[in-house]
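In what follows, a structure is listed as structure tokens, so that the remarks can point back to it.
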Amino acid sequence: MKVVVAGQGYVGLPLAVRAAERGHSVVGYDVDQHRTKQLAAGESFVQDVTSVQLRAVLDSGAYRATADADALAGGYDIAVITVPTPLRHGAPDLSFVESCARTLGEHLRQGATVVLESTSYPGTTRELLVPILEEASGLRAGDFLAGFSPERITPGSPRFSFAETPKLVSGIDAKSLDAIRGFYDTVFDITVPVSRPEVAEMAKLLENTFRLVNISMINELAMLAHSLGVNVWEAIEAANTKPFGFTRFTPGPGVGGHCLPVDPVFLSWKAEQETGVPFQFVELAAEVNHRMPEYVVQRLMEGLDKRRIPISGARILLLGLTYKINATDLRESPSLRVADLLRDLGAEVRGADPNIPEGDRAELAMLRVDASPEEIAAADAVVLLMDHALFDFEAIQEHAPYVLDCRNRLSGANVEVL
Ligand code: SAJ
């Protein structure tokens, strides 16, 4: 099939490359010329697509990257929208979806299909995408096919590969579902059809709201357990011996990333639009998670107080700056807020993260150092925020005068866990 994947980021690029590997003729369309030039040169910037894979589909001619919408002029059999759906002032920003839909609509032919993968609230496909496609193409729904299929990318996940993760598929009508399922069956091992796009849109938000709420609950439990003098980590492992009806989550410095702090807010926003009341579990979860960086700083100050070290002027070394263990991504990372809070209190903040590429200086706003024994020993306090596999935990335990361990990886008289 002639396939267009609009948006060549951590969701669109793996889909485009995989579809090309599976025999489709794929155009990776992205409005960012720098990004498409990089891709056309065979350089992948997405954790789960190697440059070797990218070069292979470029060389075979199965894939090409472009920022030129004229490349769509010949039409397409199926176009997949994988553009960002961020929040703007706490509300969904669908402007990228709208502009992408207009561009695809201009080249939409009779019988062709458009699938939305970008996360959004239930109703987006039918109420927003389809009307834009109709207006831009002059066709009516039914002349073309449309549906929703949520992305389930787990960046750097060693356990679930892209193709093995079951793919939900939906269509605005039976023909759309057939066409969409037919395409994804060539790319994924398992496709799971649902009756309507609204079900697939809701399922996606359910998946991430489930995680956000449970992570927030375990963070609140961690704060209470500390007050009660109970080791929450031991309690979690004890509860996890129950072979049914329990899912293990662990406390941390807060919930970061491009999914969990964002996707559930789409649900809450839609709830408020429809019922006048936001989705309360999301609101509460967001409030608890927002408090976690402050809690980390409060615990750190308590630890320094015990050692008669004022926070102002203290040299603090933060270990693990990205939003998730072993990730390379800083987006919404709680470490950034911990660093800001510490700086506001007059501390000297240094950060070490072996996962962040050397050239990446974005957003750090702190002195970036290596987690060397010298740096660790010279700090008044070390905070382990993300327990990346690349850290030498023995060295941290041995050389740190005091460690606040947010991930329960260390032990010793100089260690306190969150
Ligand atoms: N976190 C905790 N405690 C936990 C689990 C996570 O504090 O027990 C924190 C992480 O450190 C991170 C945040 O929550 O800051 C989010 O972690 P995550 O494991 O949910 O990772 P994400 O944000 O990459 O979530 C993505 C989601 N995938 C999609 O939306 C397609 C999510 O649904 C996946 O379950 C998750 O990857 C995954 O399992 O890798």
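Here the sequence shown is numbered in my numbering, starting from 2 and rising by one per residue. For every residue, glycine included, the Cβ atom is placed at its ideal position computed from N, Cα and C. Treat the numbers as computed from the prediction; the structure is a model and nothing was measured.
Query - Distance cut-off 7 Å: Gly-300 Cβ against heavy atoms of the ligand SAJ - result: Here residue 300 turns out to be Arg, not Gly, going by the sequence shown. Incorrect: Arg-300 has no Cβ contact closer than 7 Å to the ligand SAJ.
**Report entry** Residues bridged to Phe-149 [DSSP beta-bridge criterion]
**Finding:** According to DSSP, Phe-149 bridges with Leu-117.
Requested in this report: Starting from the C-beta of Gly-43, find all residues in its chain whose C-beta is less than 7 Å away, skip the five residues before and the five after it, and write them out in chain order.
Outcome: Result list for Gly-43: Ser-52, Leu-55, Arg-56 and Leu-59, in chain order.
Report task. Measure the Cβ-Cβ separation of Ala-286 and Leu-337 and say whether it is below 8 Å. Result -> Result no, Cβ atoms of Ala-286 and Leu-337 do not sit closer than 8 Å.
Report task. For Ala-201, name the three-state secondary structure that DSSP assigns. Result -> The answer is helix: DSSP assigns Ala-201 an H, G or I state.
Report task. Tell me whether Ile-173 counts as near the ligand SAJ, meaning its Cβ is closer than 7 Å to at least one heavy atom of that ligand. Result -> Every heavy atom of the ligand SAJ is 7 Å or more from the Cβ of Ile-173, so no.
Query raised in the report: Heavy atom of the ligand SAJ less than 7 Å from the Cβ of Gly-8, yes or no?
Result: No - the ligand SAJ has no heavy atom lying nearer than 7 Å to the Cβ of Gly-8.
Query - Enclosing beta strand (DSSP E) for Lys-168 [first to last residue] - result: Segment 168–170, the beta strand (DSSP E) holding Lys-168.
Requested in this report: Can you tell me which of Leu-365, Val-383 and Ala-366 puts its alpha carbon nearest to the alpha carbon of Ser-373?
Outcome: For Ser-373, the closest C-alpha among the options Leu-365, Val-383 and Ala-366 is that of Val-383.
Report task. Please classify Pro-335: is it buried, with 16 or more other beta-carbons within 10 angstroms of its beta-carbon, or exposed? Result -> Result: buried.
Query raised in the report: Are the beta-carbon atoms belonging to Pro-466 and His-389 less than 8 Å from one another?
Result: What the structure shows of the chain is the stretch from 2 to 419, and residue 466 is not part of that stretch, so it cannot be assessed.
**Report entry** C-alpha gap between Arg-110 and Val-6, whole angstroms
**Finding:** About 16 Å.
Query raised in the report: What residue does the alpha helix (DSSP H) around Asp-179 start on, and which one ends it?
Result: Counted as a single uninterrupted DSSP element, the alpha helix (DSSP H) harbouring Asp-179 occupies residues 175–186.
Query raised in the report: Would the C-beta of Thr-1 count as close to the ligand SAJ, meaning under 7 Å from any of its heavy atoms?
Result: Missing from the structure shown is residue 1; the chain here goes from 2 to 419 and no further.
**Report entry** 8 Å Cβ cutoff met for Leu-206 and Phe-267
**Finding:** Taking 8 Å as the Cβ cut-off, Leu-206 and Phe-267 qualify as a contacting pair.
Query raised in the report: Is the closest heavy atom of the ligand SAJ to the C-beta of Gly-75 under 7 Å?
Result: Between the ligand SAJ and Gly-75, a heavy atom-to-CB distance of less than 7 Å is absent.
Requested in this report: Pull up the distance between the alpha-carbon of Pro-194 and that of Glu-202, whole angstroms please.
Outcome: Rounded to whole angstroms, Pro-194 to Glu-202 spans 12 Å at the Cα level.
Report task. For the beta strand (DSSP E) holding Gly-29, just list the boundary residues, first then last. Result -> Looking at the DSSP string, the run of the beta strand (DSSP E) that includes Gly-29 is 26–30.
**Report entry** Identity of the residue in Ile-377, Leu-40, Ala-328 and Val-12 nearest Val-350 by Cα
**Finding:** Nearest of Ile-377, Leu-40, Ala-328 and Val-12 to Val-350, Cα basis: Ile-377.
Query raised in the report: Under the three-state reduction of DSSP, which class applies to Ile-154: helix, strand or coil?
Result: Correct three-state label for Ile-154: coil.
Query raised in the report: Does the distance from the CB of Ile-219 to the CB of Pro-244 come in under 8 Å?
Result: Cβ atoms of Ile-219 and Pro-244: not closer than 8 Å.
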